[in-house]
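Residues 6 to 293 in the working numbering are what the sequence shown spells out, letter by letter. Virtual Cβ for every residue (Gly too), placed ideally from N, Cα, C. Predicted, not measured: the structure shown is a model, and the values here were computed from it.
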Amino acid sequence: MSAEKGTKPWTVQELVGWTAGFFGRKGLAKARLSAELLLAEALKLDRTLLYSRWNDPVDAIPLEVFRSYIQRYVEGEPIEYILGYRWFMTYRLEVNPDVFIPRVETEELIEWIVQKENRRPRWFMDLGTGSGAIGIALARAHPEATIVASDKSERALDVARRNARTHRVLDRILFYQADFLDGLDELVDPVEVVVCNPPYVGENERQEVSPATLRYEPEMALFGGPDGLDFYRKTLEHRSLLRGKRVYFEFGLEQKERLEELFSPVGAVTCKRDMYGHWRFLSVDFHS
Ligand SMILES: C[S@@+](CC[C@H](N)C(=O)[O-])C[C@H]1O[C@@H](n2cnc3c(N)ncnc32)[C@H](O)[C@@H]1O
């Protein structure tokens, strides 16, 4: 794509059309939507406003930015990292390669929790907070609640703090850098409900993970040991800390039976399917 076609610069409409066709020929899904989102970002516009500028020429600088976005996208970078954000429920969250890109399944986990907890708990914990998606959604849904949010990655916590500030819940989320629950005993004490979307991909499933995820998303956010269950086993090592609490987990395909075996001896287990019909979520009421 040259800066000018002959003597006339590209218009918004022409750029969207050309780029959607290009992405389509490259076999990229949602070619038109992606083209629009990337161009809107290059122009620092909301996507819906593109149509009001449909016949406007695009200046050289945004065109150059847009071209670099196209390049990154066809090289396989997730669009969320190029745009710098991801919508999670109704929250626009900053994301970058320091954080896992929140997935739509996790929105269902939040819906389940909000429905089941009926605004009751005053203290939640978001274990492995990443971008802060779970903690922020819980804080917004439970206006009286305090959230303890932890992650092993200090860089992820920086992103989560910025997201919490954007969504005006920074004063109700206590962020801690910690390896699992180590050193958090006193903070976990008042917590009634722990929520965790752990790294649950098994090393034995590495080949099934998309190349874009493997290349761009943080390794630490993805892999949970040889069979993906290390994080859940770690929870059991801390079961004395979790007595009388409810813990919600997201988990991977084919992990339901093994997780039920792991957790049934320590509490009452309930499982739930996701919208695709896959068993995906688990709650454990730890015995007192
Ligand atoms: C699958 S991501 C989930 C992120 C976010 N909660 C979400 O649902 O989008 C797992 C998160 O666990 C964090 N994590 C991995 N190992 C950890 C550990 N040993 N202790 C604390 N956090 C850990 C990762 O840094 C990552 O942010």
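With contacts defined as CB atoms closer than 8 Å, Gly249 and Val206 fail to qualify as a contacting pair. Your pair Val100 and Tyr86 checks out as a contact, with CB atoms roughly 6 Å apart and the cut at 8 Å. At least 8 Å separates the beta-carbon of Leu50 from that of Glu41. If you check the CB distance, Leu241 and Leu219 do not come in under 8 Å. DSSP, read as helix, strand or coil, puts Ser73 in helix. Straight-line measurement puts the Cα of His243 at about 13 Å from the Cα of His292. For the pair Leu287 and Phe236, the CB atoms are not nearer than the 8 Å cut-off. Between Pro67 and Leu48 the beta-carbon gap is near 5 Å, inside 8 Å, which marks them as a contact. Look at the beta carbons and you see the region 156 to 168 touching the region 124 to 139: at least three pairs across the two are nearer than 8 Å. In this structure the region 99 to 118 does not touch the region 174 to 186; the number of beta carbon pairs closer than 8 Å is below three.
Membership of Leu258 in any alpha helix (DSSP H) is not indicated, and neither H nor E is assigned to it by DSSP. Taking 7 Å as the cut-off, one finds no heavy atom of ligand 1 near enough to the beta carbon of Ile178. The Cβ atoms of Glu122 and Val198 sit closer than 8 Å to each other.
Taking the Cβ of Ile139 as the reference point, at least one heavy atom of ligand 1 falls within a distance shorter than 7 Å. DSSP places Asp235 in the helix class (H, G or I) of the three-state scheme. From the listed residues Lys261, Thr171, Val17, Arg251, the smallest Cα separation to Leu98 is found for Thr171. Per DSSP, Thr275 is one residue of the beta strand (DSSP E) stretching across 272 to 278. Rounded to whole angstroms, the separation of the alpha carbons of Glu222 and Val21 is 28 Å. It is roughly 47 Å from the alpha-carbon of Leu258 to the alpha-carbon of Ala65.
Relative to ligand 1, even the nearest heavy atom lies 7 Å or more away from the CB of Phe256. Around the beta carbon of Gly229, 16 or more other beta carbons lie within 10 angstroms, which makes this residue buried. Ile178: not part of any alpha helix (DSSP H); member of the beta strand (DSSP E) spanning 178 to 182, first to last residue. Asn60 has its CB no nearer than 7 Å to any heavy atom of ligand 1. Less than 8 Å divides the Cβ of Tyr74 from the Cβ of Leu43. Ligand 1 has a heavy atom closer than 7 Å to the beta-carbon of Lys157.
Counting only the Cα atoms, Thr151 lies some 41 Å from Ala36. In this structure, the straight-line span from the alpha carbon of Gln18 to that of Val79 is close to 20 Å. It is roughly 19 Å from the alpha-carbon of Trp23 to the alpha-carbon of Thr53. By the criterion of a C-beta distance shorter than 6 Å, Leu247 is surrounded in its chain by Phe291, once the five residues flanking it on both sides are discounted. With a contact defined as Cβ atoms closer than 8 Å, Val193 and Tyr253 miss out at about 15 Å.
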